[in-house]
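Residue numbering for the sequence shown follows the working numbering, beginning at 1008 and increasing consecutively.
Glycine residues also receive a C-beta, built at the ideal position from the N, C-alpha and C atoms.
Note that the coordinates shown come from a computational prediction; the quantities given were computed from them, not determined experimentally.
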Amino acid sequence: MINSFKYIYEKIRCAESTGARCVGIEVDQERCEQAQININSSSVSSRCQIICGNALEYDYSNGTAFFLYLVPRGLKLILPLIRSQCISNFRIVTYMSPLPNETPAQMCKVSTAHQPGAEWPLFLYHFNCNSQND
Ligand SMILES: C[S@@+](CC[C@H](N)C(=O)[O-])C[C@H]1O[C@@H](n2cnc3c(N)ncnc32)[C@H](O)[C@@H]1O
């Protein structure tokens, strides 16, 4: 389960490398359409789905791992929603911004294909379903 990122490359890579079923949610119609094009031309289109809609109105109860690329305000809004719906322990990775008021289990820096010298942060969090950050 992956939420809100442009063009959904991360979701496709995730589905390719893990076999997971991946769902992306993006509110911007044009980005959704581009993401769908990228999914259609991938080898994992049967396991990837893009939903064009508001990520704050989605049911996350089946999600086990979340990739969140949102501004800090969006992160602050979505975390309580995911926590309140969980039925199993789950992980969250955020890109660029950490989750407000949470301590990451791990942090690393990554570059992108079009910015090979960049060092953009990724933050990993583990949560149990009693809403505690491990
Ligand atoms: C930090 S940006 C990430 C994309 C980034 N601008 C880029 O260039 O790759 C946040 C993304 O989340 C989307 N977004 C913001 N609020 C959202 C919401 N409530 N539901 C779904 N998507 C949302 C935006 O449309 C945007 O594509």
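6 Å CB neighbourhood of residue i in its chain, flanking five on each side removed
i	result
C1093	C1136
T1025	none
heavy atom of ligand 1 below 7 Å from residue i C-beta
i	result
P1077	The amino acid occupying residue 1077 in the given sequence is Leu; Pro does not appear at that position. Yes, the Cβ of L1077 comes within 7 Å of a heavy atom of ligand 1.
N1061	yes
I1032	yes
R1038	yes
G1124	no
D1035	yes
G1081	yes
For residue i, the nearest candidate out of the options (CA to CA)
i	options	result
C1029	P1128, S1048, G1070	G1070
C1055	V1100, R1038, A1022	A1022
W1127	P1111, N1108, S1104	S1104
I1019	F1134, A1125, V1117, F1074	F1074
E1109	P1087, A1072, N1045, S1053	P1087
A1072	Q1122, S1118, A1027	A1027
N1096	T1119, S1068, K1116, I1057	S1068
I1032	S1050, I1085, A1120	I1085
L1077	Y1102, C1039, D1066	Y1102
For residue j and residue i, believed in contact at Cβ under 8 Å, the rounded distance
i	j	result
P1107	L1082	6 Å
Q1043	I1057	5 Å
Close beta carbons around residue i, own chain, < 8 Å, minus the five adjacent residues each side
i	result
V1034	S1011, C1059, G1060, N1061, A1062
Same chain, Cβ closer than 7 Å to residue i, neighbours up to 5 away in sequence not counted
i	result
L1131	R1098, V1100, P1111, A1112, Q1113
C1115	L1129
I978	Residue 978 cannot be examined here, being either before or after the span of the chain that is shown, 1008 to 1141.
V1117	W1127, L1129
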